[in-house]
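Residue numbers (my numbering): 1 to 112.
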């Protein structure tokens with residue numbers, strides 16, 4: 001940090017690592033907000049697809065919710081912990097959680 005002559009607070013120098021940590025935090029909270037908003041929409045889509053095809057939607061919905069829950073909690077939890085400990089790789093777990101959520105949705109959709 002450097003001090004400006006006219007300011008009483010230090011000016012922060014943004015390094016590549018600090019930008020990645022900030023991006024990891026934004027991605028963690030974005031993932032959580034996205035899951036809260038979009039998971040019910042995906043569940044409704046699975047239910048409508050099952051009704052249209054006449055298939056049982058129980059196993060697909062169970063896989064969907066358990067997969068979304070595990071991917072979100074593990075990926076975002078590890079990413080938040082890594083960002084709090086100022087690790088350079090903190091952005092990777094939230095990205096993997098995001099990819100895992102879409103993969104689970106694709107697999108659950110193919111089950112219906």
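Glycine included, C-beta positions come from ideal geometry on N, C-alpha and C.
Among the options, whose alpha-carbon lies nearest the alpha-carbon of residue i?
{"i": "residue 31", "options": "111, 106 and 91", "result": "91"}
{"i": "residue 65", "options": "44, 48 and 76", "result": "44"}
{"i": "residue 71", "options": "83, 94, 36 and 25", "result": "94"}
{"i": "residue 104", "options": "88, 79 and 59", "result": "59"}
{"i": "residue 27", "options": "42, 97 and 41", "result": "97"}
{"i": "residue 153", "options": "62, 51, 34 and 24", "result": "A query on residue 153 cannot be resolved here, the shown segment of the chain reaching from 1 to 112 and no further."}
{"i": "residue 74", "options": "42, 33, 101 and 56", "result": "101"}
{"i": "residue 63", "options": "51, 53 and 106", "result": "106"}
{"i": "residue 119", "options": "39, 53 and 84", "result": "Because the chain spans 1 through 112 in this model, residue 119 falls outside it and cannot be assessed."}
In this structure, how does DSSP classify residue i when only helix, strand and coil are distinguished?
{"i": "residue 139", "result": "In this structure the chain extends from 1 to 112, so residue 139 is not present and cannot be described."}
{"i": "residue 11", "result": "strand"}
{"i": "residue 112", "result": "coil"}
{"i": "residue 90", "result": "coil"}
{"i": "residue 55", "result": "coil"}
{"i": "residue 85", "result": "coil"}
Beta-carbon separation of residue i and residue j under 9 Å?
{"i": "residue 88", "j": "residue 17", "result": "yes"}
{"i": "residue 108", "j": "residue 79", "result": "no"}
{"i": "residue 57", "j": "residue 49", "result": "yes"}
{"i": "residue 46", "j": "residue 112", "result": "yes"}
{"i": "residue 86", "j": "residue 12", "result": "no"}
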